[in-house]
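Below: the structure, in structure tokens.
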Amino acid sequence: MSTPNGFPQHSRVCLTRSMEGGAVQDLQAKKAGKAAKKEAGGEGAPPKIGTPISETLKLLPEELKANMKIKSITPRPPRKPRLERAASLDEKSWRKWRRFRTSQESLTDPNETSSSNGSLQEASPSPPTRGRASPCNPCCQQDSSHSSPDALEASPVGKSRAGASDLGKRASEISSAFGGLLRGKGFAGGKPRLSQIMPARPLPPMELNVASHSLRTANRIDSDCLDYRHYSQHKFGRVSSSLSDSKLQGNGTLYNNCSTDSMKSTFSVLTPIRAKDVRSRSYLEGSLLASGALMGAEELSRYFPDRNIGIFVATWNMQGQKELPVNLDDFLLPTDPDFAQDMYVIGVQEGCPDRREWEIRLQETLGPHYVLLHSAAHGVLYMSVFIRRDLIWFCSEVEYATVTTRIVSQIKTKGALGICFTFFGTSFLFITSHFTSGDSKVNERKLDYNKTIQALTLPKNVPDTNPYRSSSSDVTTRFDEVFWFGDFNFRLNKDRETVDSILNQNPDTDVSKLLVYDQLTSEMSRGSIFKGFQEADIHFRPSYKFDIGKDSYDTTSKQRTPSYTDRVVFRSRYKDDIQALKYSSCPVIKTSDHRPVFALFRVKLRPGRDNIPLAAGQFDRDLYLIGIRRRTTRELQKRLEQKDQRSSSICSIS
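Take the sequence shown: its letter number 39 is residue 39 in my numbering, and every next letter is one higher.
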């Protein structure tokens, strides 16, 4: 039996039942159909809001009618609402059937891939309605999705009757849906598609720069590859790609980058390098502005955006003691700066007999982030240069030289040891010295200084970065940045009682009254020693001479006057290249009659050329492994001790 609209009578009943699911709604739908017969107009007019369903179906295009396969179904009266438990079981069976159906479609469709996201490409249909009859056509499937099974089952029988206003709202929704079908959105591609996914709020900006001084070296984007994202998008069609989102990025699939960027990171930790850059880069030809220079401006800016490097310089007279401090953390890793430095240079005078053990202890304290770039010795003068392991590729070959100032002694306790190298385009010279001792031997100490600057033959193979400003009679003029540290043995020209009274009056850090009597400060102001050098302001107590293991100054019969014998001075070819951040001593290390003295510097770097002999990542690998192994063993022992303390119990008998 057919209606005047051209559709079978039972189809119209099925449509109305799938929407409302009740007998009263069927009766109201029939009344709406009779009203539609009276108000039937032209088939080409677009549907309006509130238009009856029968009139909407009448206005469907012929293509839609051809695609709709309507089965002959005998209408049945609606059943009573089921219990909540039965409804949940029905939903579970429907979901299981849908997963099985989807897996069959993905196996039989040759155009689909084996992506785990493939089921997202098809719009999932709604759960089945209350009647056992299957949906009669796609229109019924889409309309039934507006009413959830939970909502139908949760409402009792007495409250299932909807008023005329509810029917008007439902008819408005149906007419809007069919309006979308008439505009060609519903069946444009043969399958319904996912809508565009938009984030709930703006995504946070991606931070490519690392602000900290110690962790800024790995996440910089090479300026050569700043356009890598645009280039790859133009070349390959898309940038965001992975093995798990092929279904989302198939042809004709509507998707948004926000839904796929969460599956992976946009940029790797390492900077991407183009194949043409690998072919064109050459490290044999030196150029200051070459785009591919290893020591050039681009690499320098990538690792050091502010072009400043942090350097830790320390000196300590160990007095030849075999016993080493239990913990060197307070010495090498002071708590005042928030970040560790990029380079550590430690000079020792009268070092311990086992030099290798001292270097292992340094490696153990600094940990796996640092490697020993170079170490050298001159008798009991030791120097060790540690650098961050990701910076060893930008160092030149390391050279060293020694000078002996006391020829008579068989054991070389007095003299100088120098280590030099070039980092990027900045040349460094580090000198540790032990000058002649004695309160009144100022001239002998000045002779030690003059002999050192004349006899220290550096550099040897590494070219001078600025030979026009160098002097053959002064080694300190042949380098950009020079740090000279050690036991210079300059004393305070004052008796012990006066010095003690000043120290007792100012127990904190006000030592300005003591520095008035300092021999080194006086000689530097005259220009007779350390010409062109500077020293940071001193705010610590004299580092010499202490009773071993105590905080008291010399209590022996000699009653030596406390003095600032251990110092760190610096000079630069360029003004304001070196900035002193901290200058202090380490009073917690008491194994010697000297206290260690250290200074923290911020040094400006300059781009260099690739025509220098490179160290090529060379470092002391054996020392690195031993130090890390000891560090791990120490941590395990500490954990075991803490565990034993927690498990043990103490009993007291009164």
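Even glycine gets a Cβ: it sits at the ideal position worked out from N, Cα and C.
- Looking only at A615, F601 and L625, the smallest Cα-Cα distance to P337 is reached by F601.
- A buried status is given to E399, since no fewer than 16 other beta-carbon atoms sit within 10 Å of its beta-carbon.
- When beta bridges are read from the DSSP output, L429 appears opposite C420 and V482.
- The three-state reading of DSSP puts K441 in coil, since its state is none of H, G, I, E or B.
- Rounded to whole angstroms, the separation of the alpha carbons of P305 and S427 is 19 angstroms.
- In its chain, beyond the 5 residues on either side, A314 have a beta carbon closer than 6 angstroms to the beta carbon of F598.
- Spanning the alpha carbons of T632 and S437 requires a straight line of approximately 42 angstroms.
- Under the rule that a run must span 3 or more residues, the beta strand (DSSP E) segments found entirely inside the segment 353 to 387 read 370 to 378.
- T405 and S528 have their C-alpha atoms some 18 angstroms from each other.
- Rounded to whole angstroms, the gap between the alpha carbons of L332 and P587 is 13 angstroms.
- For V588, there is no enclosing beta strand (DSSP E), as DSSP marks it with neither H nor E.
- When the beta-carbon positions are compared, W358 and G617 stay at least 7 angstroms from each other.
- Contact between the segment 476 to 495 and the segment 562 to 579 is present: three or more C-beta pairs spanning the two stretches fall below 8 angstroms.
- Taking the CA atoms as reference points, N504 sits about 11 angstroms from D510.
- Under the Cβ criterion (8 angstroms, minimum of three pairs), the segment 342 to 360 counts as touching the segment 429 to 449.
- If you ignore the 5 residues before and after I628, its C-beta comes within less than 6 angstroms of the C-beta of P368, all in its own chain and listed in chain order.
- Burial state of V326 is exposed, judged by a 10 Å Cβ sphere holding fewer than 16 other Cβ atoms.
- In this structure D593 touches K545 by the C-beta definition: roughly 5 angstroms separates them, less than 8 angstroms.
- Sorting K590, P613, D537 and R560 by C-alpha distance to the C-alpha of Q579 places D537 at the top.
- Around the C-beta of G379, 16 or more other C-beta atoms lie within 10 Å, and the residue is accordingly described as buried.
- In this chain, the beta strand (DSSP E) harbouring N308 covers N308 to N317.
- Separation of the CB atoms of M295 and F424 is rounded to 5 angstroms, and the pair is thereby assigned contact status at 8 angstroms.
- Contact check for F540 against S585 passes: the beta carbons are separated by less than 7 angstroms.
- Its chain contains V371 as the residues whose beta carbon lies nearer than 6 angstroms to that of Y624, once the 5 sequence neighbours on both sides are disregarded; these appear in chain order.
- When DSSP reads this structure, G415 sits in a beta bridge with T404 and H434.
- Under the DSSP assignment, K604 falls in the beta strand (DSSP E) whose first and last residues are V597 to K604.
- Assigned with DSSP and collapsed to three states, R609 falls in coil, not helix or strand.
- By the C-beta density criterion, G549 is exposed, having fewer than 16 other C-beta atoms within 10 angstroms.
- Closest in C-alpha terms to R445, from the list R634, R201 and Q519, comes Q519.
- Under the DSSP definition of a beta bridge, F546 partners with Y553.
- At a Cβ-Cβ threshold of 7 angstroms, L605 and I309 count as neighbours.
- The beta-carbon distance between C395 and L362, rounded to whole angstroms, is 18 angstroms. This is too long to meet the 8 angstroms contact definition.
- Counting along the chain, no alpha helix (DSSP H) covers Y574, and no H or E run does either.
- Boundaries cannot be given for Q341, as no beta strand (DSSP E) includes it and DSSP labels it neither H nor E.
- DSSP, read as helix, strand or coil, puts L614 in strand.
- A direct Cα-to-Cα measurement between I311 and Q341 gives close to 6 angstroms.
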